[in-house]
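Trainee: In order, the protein sequences belong to chains A and B.
Under our numbering, read the first sequence as residues 2 to 604, first letter to last.
Under our numbering, read the second sequence as residues 4 to 604, first letter to last.
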Amino acid sequence: MPVAPSTELPPAKAASTTAVLLQLRRWARPALPRIALGGLTALGASLLALAVPQVLRVIVNGPLLTEGSTQAVVLGALVVLALGVLEAFLVWCRRALILTPGTAVERDMRTDLFRHLLDLPVEFHDRWPGGQLLSRIMSDLSTIRRWTVFGLVMLLVSATTVLVGVALMIWTSPVLGTVYLVGAVPMIWLGFRFREGYKAVARRARDQTGDLATTVEESVHGIRVLKAFGRGQDALDDFARQADALRTTEVHKARTLSRVSFALGAVPEAVLAVSLAIGVTLTANDQLSVGALVAFFATAAVVNNPVERLGMLLAMTLDARAATDRYMQVMTTRSSVRDPAEPAKLPAAGAAGSVVELAGVGFAHPGGSSAAVLDGVDLRLEPGETLALVGLTGSGKTTLLQLVPRLHDVTAGSVRIDGVDVRDLTRDDLRRAVSVAFEDPILFSASVRDNVLLGADVTGPAADALLQEALAVARAEFVHGLPDGLGTIIGEEGLSLSGGQRQRIALARAIAVRPRVLVLDDPLSALDVTTEAEVTGRLRTMLRGTTTLVVAHRPSTVALADRVAVLEDGRITGVGRHADLLTSHPHYRYVLTALSEHEEVRS
Amino acid sequence: MTDDESRDDAPSRTESRRLRRRSLTLLASLLAPVSGAAWWTAALVVGSQVAAVAGPALVAYGIDHGLPALQDGDRGPLLLAAGAYLVAALLGGVLVAATVRASARVSQTMLLDLRRRVFRHTQRLSLEFHESYTSGRIISRQTSDVEALRELLDGGVTTLATGILAMVLTAVSLVLLDWRSGLVLLVAVVPGVLLTRWFQVRSQRQYRKNRSAAARLIVRFVETMTGIRAVQAFRRQRAVEQVYGELSETYRGSTAEAIRLNGVFDTGLVLIGNVTVAAVLLVGGLRVLDGGLEVGLLAASVLYARRFFSPLAQIGMFYNSFQSATAALEKLAALLAEEPTVPEPVRPVRLTAPRGDVRFDAVEFGYGTGPTVLRGLDLHIPAGQSVALVGETGAGKSTVAKLLARFYDVRAGSVRLDGLDLRTIDPTDLRRAVVMVTQEAYLFSGSVGANIALGRPGAAQDEIEAAARAVGAHDLIVAMPDGYDTEVDKRGVRLSAGQRQLVSFARAFLADPALLILDEATSSLDVPGEALVQDGLATLLDDRTSVVIAHRLSTVMGADRVLVVDGGRIVEDGTPLELVDAGGRFADLYDDWQRSLQRST
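1. Look up F364(A) in the DSSP assignment and give the residues it is bridged to.
2. Can you look up H383(B) in the DSSP assignment and give me helix, strand or coil?
3. Going along chain B in order, which residues have a C-beta closer than 8 Å to the C-beta of D429(A)?
4. Go ahead and pull the three-state DSSP assignment for G586(B).
5. Is S256(A) close to chain B, meaning its C-beta is less than 7 Å from at least one C-beta of that chain?
6. Taking CB distances under 7 Å as the criterion, tell me whether H222(A) reaches chain B.
7. For R545(A), which residues of its own chain have a beta-carbon under 7 Å away from its beta-carbon, when the five flanking residues on both sides are left out?
8. Considering only residues of the same chain and omitting the five flanking positions on each side of P430(B), which have a CB-CB separation below 8 Å?
9. Can you tell me where the alpha helix (DSSP H) holding A621(B) begins and where it ends?
10. Decide yes or no for the touch test of the stretch 497-506 of chain B against the stretch 460-480 of chain B: beta carbon pairs closer than 8 Å, at least 3 of them.
11. Is the CB of P406(A) under 7 Å away from at least one CB in chain B?
12. Which residues does DSSP pair with R417(A) in a beta bridge?
13. Once DSSP output is grouped into helix, strand and coil, what is the label at R564(A)?
14. I'd like to know whether the C-beta atoms of S527(B) and S526(A) end up nearer to each other than 7 Å.
15. Buried or exposed: where does H133(B) fall if 16 or more other Cβ atoms within 10 Å of its Cβ makes it buried?
16. Taking Cβ-Cβ distances shorter than 8 Å, what residues in chain A pair up with W596(B)?
17. Under 7 Å between C-beta atoms, does N213(B) make it to chain A?
18. Would V390(B) count as contacting chain A if we go by Cβ distances under 7 Å?
19. Taking 7 Å as the CB-CB cut-off, is S154(A) touching chain B?
20. Less than 8 Å between C-beta atoms, sequence neighbours within five positions excluded: which residues of the same chain meet that for A107(B)?
21. R210(B) and A259(B) look like a contact to me (Cβ under 8 Å); what is the Cβ gap, rounded to whole Å?
22. Of all the CB atoms in chain B, is at least one closer than 7 Å to the CB of V226(A)?
23. So the candidates are A46(B), V149(B), T125(B) and Q52(B); which of them puts its Cα closest to the Cα of L30(B)?
24. List the residues of chain A whose Cβ lies closer than 8 Å to the Cβ of R23(B), in chain order.
25. Nearest-angstrom Cα distance between K400(B) and D538(B)?
26. For Y199(A), I'd like the list of residues in its chain whose CB is within less than 6 Å of its CB, leaving aside the five on either flank, ordered along the chain.
27. Assuming G139(B) is part of the alpha helix (DSSP H), what are its boundary residues?
28. Can you check which of these residues, L392(B), R378(B), D360(B) and L457(B), is closest to D424(B) by C-alpha distance?
29. Does DSSP classify M170(A) as helix, strand or coil?
30. Just how far apart, CA to CA, sit V304(A) and S206(B)?
31. Establish whether the CB of T104(A) and some CB of chain B are separated by less than 7 Å.
32. Considering only C-alpha positions, which residue in the set A372(A), D485(A) and L380(A) is nearest to P484(B)?
33. Taking the continuous beta strand (DSSP E) assigned at A509(B), which residues delimit it?
34. Could you tell me how far apart the beta carbons of L392(B) and V474(B) are, in whole angstroms, since I believe they sit closer than 8 Å?
35. For R104(B), which residues from the same chain have a beta carbon less than 6 Å from its beta carbon, with the 5 sequence-adjacent residues on both sides left out?
36. Just mark V403(B) as buried or exposed, buried being the case when its beta carbon has 16 or more other beta carbons within 10 Å.
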């Protein structure tokens, strides 16, 4: 049953929202001048909007109430018109200035995260559900983009508009302005309380969105299992339960937001009601001009809008904070498999091939309470030798194999190629020297040609020759019969192939790298006997001079090897020739022949 | 690929209208169950806007009537105006808060409904669809596209309703206050409408492109992360990164273009609004000079004119998310409109006590619109028989297995279980009767125990353990840190392929079907593991029908009957020993196998 994936995420550090969002500087830096300029134009636009009531005051107090000059009224209207056009122009400038940098910041953050994810080791990807990564690179980043393009600028502009507006109101009428200012106190207090409550629930909503994406991803990737067992309804029930939990969180979030919406909506208007009573009284006592009274309310009308908007902008900022937290959580995860500061170079390979040496190798899953998978493994592969690794399911063969190209790092001891510790090489150099064929053949949505030449560094006619040779050795000639031959798109977005076909392409791909060291994880398991025998024969010829480590489950695969090593409970308990081990090593005999004995009993 | 999906060039006019209509129908059907709550939300919006719009009118009343009255010593009108304003302010705040809550409830309920619908529908769609549509795209529909709709519902609708209502109420108030100023305002509406129309057409096109770009980004991301081992092992990071970078740039470009359009729209609205304010001031000011208008009324008129256009910026923002959401809805509606090629029976027949008698009657089959793979296949497997299918890759073995599990439906002829056409059997009964274990043993996040229990939800712990014991997985599971409660990581990677196959066998064992299909399900097991599974299956399969596809002859030799398949036809049929004696293809395979065994011992 697809159980709700519980993401055990470390608790968010109690950093301030400002500190969290300041981390975005790293990506926003190239865009900062334009963002700042955009902020200035935005400020200019909102100040112009504030100037209109002042013009109104002059007109009311001057031409309308005292002079009665038509010319002055027309002039005043023209000034308002000019200010209005200028405001529109500045709005346009702001848009144009911020647009490109805003979207560019999102793109840079996206590609940076992608690059970082590519760099993080397999261990990280094993641990992190796919949906959590997907929701970070899509929905979290678009939240951040909306905030940088719109939220940040609007927040600053609104805040400045309010400040300048309140200053103008105080200047227009100190008494009324002070009344308005006093009204701000409860709003600020509520705003702070709101922030605390909203922050946690915003983060929870995002994490739940990520979990939901994980469930979606699993339900799609595991569709065959769900169909085979008719578990669609159960999967739906689980999904619905998770989606309902998300809904509850979102509704809870809205309830938190509604409290601040009430405050920001009611308080400023209520203050204006009080101001009306006081202001008119002041005017009646000739302590305030009618023009100033009108200007005060006109300014208040301009100021109240951004005040109401503040709630929304604050929520947006806190959402962006949660998104930034989630983004940085992955970005600050240091890769446990890194390139050395001063990488070594592999010496030129000897004529006979490379030496691979495992000395005192131990491996345990990080943070896992489980026992070590490998413990004190010593193994030496002579130049050009093919060594088979045999052991029961779960004995650590695959793990051992993956230590050579550093898909995992040893936790004790070392792996050396021609005397150089693999950790002293760049991963790029190392993986050019070591090629892998995985147990699950992973093909990409690309042509057969591109899939096979995935790790090859050659181009042109040499590449074609390499391609043909690799396909021939892996007995993957069937590809010529595909609809578009070598150009046929395979993988998820292309033609589906059978397990045996995929395995042969994956094998061809490993061979095409022309590596010094080849590691093969049970590479022939999905092939039928006849094909397996043919591939084995061709591989043996081809592998001369290539040091090869091959995981074998069956005698037929062992036939590839010069020598065999037996892996038992995380240790090597025997190395030797197949025939010798068969007589001298009881565990080896059990692993490779249990079925044969069984068969004899039956027939 | 499905018709509406992969395209991002502009669809024709009628096509575009059809897409839009279908997406709006979807939206309406989502809205229908919550219509009561939606109307309530609308009423709240009306209330809060009435409260808000009362403000300037009360200010005007306070200045024009309260001030002279006060100068005459009468505080009444002023206190009335201020008191009413206070009530309106508090009421407005309460209503705004209630709107936020109510609209969240409505929109979240709609989203839950949509998520469930899309999830259920993708589960119902056949494998054929999944294989052509690709997992990345389905994931993109269910995440990024639903997200786009969420943005719209999350305040977008309230913004629109609030905005439009505010504009209407403001206009009405202005007309009531001073119809001449109102007239100026109405003239300004004309360019506003024209601008909106322009924006609508342009941005609709842009957002369609945007959704496709987002989907491509997701498809690439999912594929890369799923195959991260190969990407790293073959040093593809730079190449993959470059492709992803280009896709990101395309997505950025289309997002930027959409925002740019919105910017033009926004600027245009501000301009129209400001020009109108100047016009109202000019017309009103001249009339004040004539004595045709009170100063307070002029102030109110200017305030209203400004207020009239201020929601437009927000409406522009809403329009943005509306266009984005409609583009997403189009994609979702297209997905929901996909008919399962393996439809559920209209009148399902119950099959409560399946025996496992299988019959292929003149079966014709091909994938999608592709060439015919099986041509006139006749086959009878009596209940309780174990059959092994043997043949080259591409011979049609897996096709036979998939038809039996009804992953696909035949083009002609029929596949029958206990005499019933598979297409008529109640799906629940069919899945209980027939279980297929494939080579790819997928594990879901959760515990090992839960993964086994997928075979029969609600199974007791001892039943789960019995199933694990039967396939020899028990000792292995008990040795894990938390035993049966051990969480398997994403895609169960920490379990080896062999261990995963054992778990998936235990799953099948627990399901206890009348017909068990094994498609290369033992390929990653080691020899002792396979022996244990064989023993377990021997007990399980004793009185069941089984169809086994295996290239390991060790598995095949234990079957009651072997069928050699070639080119979609059965070319040899008999017991394993009969076929070995007969000296055909199977006998050749057998010889190869014997040789390989001798070589290794």
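We treat Cβ as the ideally placed atom computed from N, Cα and C, and that holds for glycine.
Mentor: In terms of the structure at hand:
1. As a position in the first sequence, residue 364(A) is number 363, starting the count at 1. Note: F364(A) sits in a beta bridge opposite L375(A).
2. For the purposes of this step, residue 383(B) is taken as the residue at position 380 of the second sequence. Strand, per DSSP.
3. Within the first sequence, residue 429(A) is the residue found at index 428, counting from 1. Here the neighbours are R238.
4. Numbered from its first residue, the second sequence carries residue 586(B) at position 583. Of the three classes helix, strand and coil, the one that applies to G586(B) here is coil, per DSSP.
5. What you label residue 256(A) is simply residue 255 of the first sequence in a count that begins at 1. Note on identity: in this sequence residue 256(A) is Arg, with Ser being the wrong assignment. Contact of R256(A) with chain B is assigned, a C-beta pair being separated by under 7 Å.
6. One-based indexing of the first sequence puts residue 222(A) at position 221. Under the Cβ criterion of 7 Å, H222(A) is counted among the residues facing chain B.
7. Counted from its first residue, the first sequence places residue 545(A) at position 544. Hits under 7 Å: G385.
8. Translated into positions along the second sequence, residue 430(B) becomes position 427. Cβ within range, chain order: E347, P348 and P351.
9. Nothing about residue 621(B) can be read from this structure; chain B reaches only from 4 to 604.
10. The stretch 497-506 of chain B vs the stretch 460-480 of chain B: in contact.
11. Mapped onto the first sequence, residue 406(A) falls at position 405. Answer yes: the Cβ-Cβ gap between P406(A) and chain B drops below 7 Å somewhere.
12. Taking the first residue of the first sequence as 1, we reach residue 417(A) at position 416. Bridge partners of R417(A): E358(A) and D422(A).
13. For the purposes of this step, residue 564(A) is taken as residue 563 along the first sequence, with counting starting at 1. In the structure shown, R564(A) sits in a strand (DSSP, three-state: E or B).
14. What you label residue 527(B) is simply residue 524 of the second sequence in a count that begins at 1. What you label residue 526(A) is simply residue 525 of the first sequence in a count that begins at 1. The Cβ atoms of S527(B) and S526(A) lie closer than 7 Å to each other.
15. As a position in the second sequence, residue 133(B) is number 130, starting the count at 1. Buried, because 16 or more other Cβ atoms sit within 10 Å of the Cβ of H133(B).
16. Here the question's residue 596(B) lines up with position 593 in the second sequence. Under the 8 Å cutoff, chain A gives V530.
17. For this step, residue 213(B) is matched to residue 210 along the second sequence. Not an interface residue.
18. Stepping through the second sequence from its first residue, residue 390(B) is reached at position 387. For V390(B), the nearest beta carbon of chain A is not closer than 7 Å to its own beta carbon.
19. Along the first sequence, read from residue 1 onward, the residue named residue 154(A) stands at position 153. Just to set this straight, residue 154(A) is Val in the shown sequence, not Ser. No, because no Cβ of chain B sits closer than 7 Å to the Cβ of V154(A).
20. If you number the second sequence from 1, residue 107(B) lands on position 104. Taking A107(B) as the centre and dropping the five residues before and after it, the same chain places the C-beta of D157 closer than 8 Å to its C-beta, in chain order.
21. Within the second sequence, residue 210(B) is the residue found at index 207, counting from 1. Within the second sequence, residue 259(B) is the residue found at index 256, counting from 1. The identity of residue 210(B) in the sequence shown is Tyr, whereas the question assumes Arg. Between Y210(B) and A259(B), the beta carbon gap of about 13 Å keeps them out of contact (Cβ cut-off 8 Å).
22. As a first step, residue 226(A) must be located in the first sequence, where it is residue number 225. Taking CB atoms only, V226(A) has a neighbour in chain B less than 7 Å away.
23. As a first step, residue 30(B) must be located in the second sequence, where it is residue number 27. L30(B) has its Cα closest to that of V149(B), out of A46(B), V149(B), T125(B) and Q52(B).
24. Here residue 23(B) refers to the residue found at position 20 of the second sequence. Result: empty, since nearest Cβ-Cβ is about 24 Å, beyond 8 Å.
25. Position 397 of the second sequence, counting from 1, holds the residue named residue 400(B). Position 535 of the second sequence, counting from 1, holds the residue named residue 538(B). Roughly 24 Å between the two C-alpha positions.
26. Position 198 of the first sequence, counting from 1, holds the residue named residue 199(A). Within the same chain, Y199(A) has close Cβ partners T257 and L319.
27. Along the second sequence, one-based indexing puts residue 139(B) at 136. Residues S138 to S143.
28. In the second sequence, residue 424(B) corresponds to position 421, counting from 1. It is D360(B) whose Cα lies nearest to the Cα of D424(B).
29. Sequence index remark: in the first sequence, residue 170(A) carries index 169 (1-based). In this structure, M170(A) counts as helix in the three-state DSSP scheme.
30. Numbered from its first residue, the first sequence carries residue 304(A) at position 303. Numbered from its first residue, the second sequence carries residue 206(B) at position 203. Rounded to the nearest angstrom, the two C-alpha atoms are 32 Å apart.
31. For the purposes of this step, residue 104(A) is identified with residue 103 of the first sequence, where counting begins at 1. Nearest CB-CB separation between T104(A) and chain B: below the 7 Å threshold.
32. Reading the second sequence from its first residue, position 481 is the one you call residue 484(B). Of the candidates A372(A), D485(A) and L380(A), the one whose C-alpha sits nearest the C-alpha of P484(B) is A372(A).
33. Taking the second sequence and counting its residues from 1, one reaches residue 509(B) at position 506. Where A509(B) is concerned, there is no enclosing beta strand (DSSP E), although the alpha helix (DSSP H) it sits in stretches over A500 to A514.
34. Numbered from 1 along the second sequence, position 389 holds the residue referred to as residue 392(B). Numbered from 1 along the second sequence, position 471 holds the residue referred to as residue 474(B). Contact between L392(B) and V474(B) is absent: CB atoms are separated by about 21 Å, not below the 8 Å threshold.
35. Looking up residue 104(B) in the second sequence gives position 101. Closer than 6 Å at the Cβ level, and outside the excluded window around R104(B), lies no residue.
36. By one-based count along the second sequence, residue 403(B) stands at place 400. Under this definition V403(B) is a buried residue.
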